[in-house]
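Counting in numbering that gives the first Met the number 0, the sequence shown runs from 0 upward without gaps. Comments concern the structure below.
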Amino acid sequence: MAERLGFIGVGRMGSEMAKNMMAGGEDVIVFDIDDDRVEEMVDAGADSADSVTELVEAADIVFSSLPRDETVEAVYLGDDGIVESLTDGMAVVEMSTVKPDTVRATQAEVEERGLDVDVIDCPVIGIPSTARDADLTVLIGATDEGFERMKPLAEHIGTTIEHVGEPGRAKEIKLVNNVITYGNYALAAEVFAMAEELDIGHEELFKITDSGAAQSSIVASKLPNVLDESFDPGFTVEGAMGDLRYAIDIGHEEQVELPVSEMIAGRYQFAADQGYSEDDYSILMKALSEK
């Protein structure tokens, strides 16, 4: 018998993943504090719940795709949170980009309650457009049994699916990946801003850099935003700063110095200080070009 999927958080990423689950024939119920997001999903064929508790009680596997660490913690472990309503045989799939210890705390609470529940750490690498195209990289931190349970569902949303270890490990890898991505773009944004002062056009410079060792997929992805001055968020400056803070915090905990990562965070902070915190982080190139 097919398992019913519950999605908590159907924003830019969660909605696309839930829609692809439905396109793959899955039965989906959703909850979000944004009524417009819920209405969009109902129009696409999902059922809706009026609370986290109602959703968990109606689902077999509960997915969460949420914006911040503290939100994930509250939704799982707070009053009337997910864990309160879990029963044996269920699974939870945490897809947000948050601190690894947050999903580990959920696993610890599930174990302390003696529940037979699969806790699956499952962040994805991609943006809303790749989520829409079911072309995400799906990182799965779970037991072997949890991975086998999640894999056929991951195939609805991604083309690369990796079992990377236990819960928490996937979040660690995602954060490392994101620091590299944001750092790559921040460096390009700086030098493209400098090139502008030298009367070297963005397209001219990109044509050269894209032909050799300086080639960058993130610059190729984000430069059209800059050229069109279209900064509707795929992922915001504030979101990038949050990921960088999480990674830097882990570095401090592990006594690893990350001075370059801290400088990168500073560049995105500069963009936020210019009033761009809710814009797509590609706006950093524009922010650094302004005087």
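The beta carbon of each residue, even a glycine, is placed where N, CA and C say it ideally should be.
In this structure, how does DSSP classify residue i when only helix, strand and coil are distinguished?
i	result
S63	strand
H155	coil
D78	coil
D117	strand
G88	coil
S47	strand
V109	helix
I124	strand
D227	helix
D33	coil
D248	helix
T96	coil
D279	strand
Compute the Euclidean distance between the alpha carbons of residue i and residue j, then round it to the nearest angstrom.
i	j	result
V137	S216	19 Å
E147	H155	14 Å
G24	L287	46 Å
L222	K285	10 Å
A292	V255	Residue 292 is absent from the structure shown; the chain starts at 0 and stops at 290.
I139	I81	20 Å
V163	V118	14 Å
G113	Q273	49 Å
N299	A271	The requested residue 299 does not occur in the structure, where the chain is confined to residues 0 to 290.
S276	Q268	8 Å
R131	I263	29 Å
G182	S260	7 Å
R103	A188	36 Å
G44	M20	11 Å
L76	A22	31 Å
D231	S50	29 Å
L197	A219	21 Å
E69	G241	11 Å
E289	G157	38 Å
M16	H201	34 Å
Y280	A239	7 Å
T142	M149	10 Å
D278	N224	11 Å
M40	L4	13 Å
K98	V71	10 Å
V178	E161	19 Å
S84	Y184	42 Å
R295	V116	A query on residue 295 cannot be resolved here, the shown segment of the chain reaching from 0 to 290 and no further.
Can you tell me whether residue i is buried or exposed, with buried defined as 16 or more other CB within 10 angstroms of its CB?
i	result
L226	exposed
D31	buried
A133	buried
P258	exposed
S291	With the chain running from 0 to 290 in the structure shown, residue 291 is simply not present.
M193	exposed
I207	exposed
P151	exposed
S229	exposed
Any chance the CB of residue i is under 6 Å from a heavy atom of the ligand GTP?
i	result
V27	No copy of the ligand GTP appears in this structure; indeed no ligand is present at all.
Closer than 8 Å is the cut-off here; do at least three beta carbon pairs connect the region 84 to 91 with the region 159 to 175?
no
With three or more beta-carbon pairs closer than 8 Å as the criterion, would you say the region 10 to 20 touches the region 122 to 132?
yes
Any chance the region 197 to 217 sits against the region 238 to 252, with 3 or more Cβ pairs inside 8 Å?
No: fewer than three Cβ pairs fall under 8 Å.
Below 8 Å, can you find three or more Cβ-Cβ pairs linking the region 28 to 41 to the region 170 to 182?
no
Runs of beta strand (DSSP E) wholly within the region 132 to 190 (minimum 3 residues, chain order):
135 to 140, 157 to 164
List, from N- to C-terminal side, the beta strand (DSSP E) runs of 3 residues or more that fit wholly inside the region 5 to 31.
27 to 30
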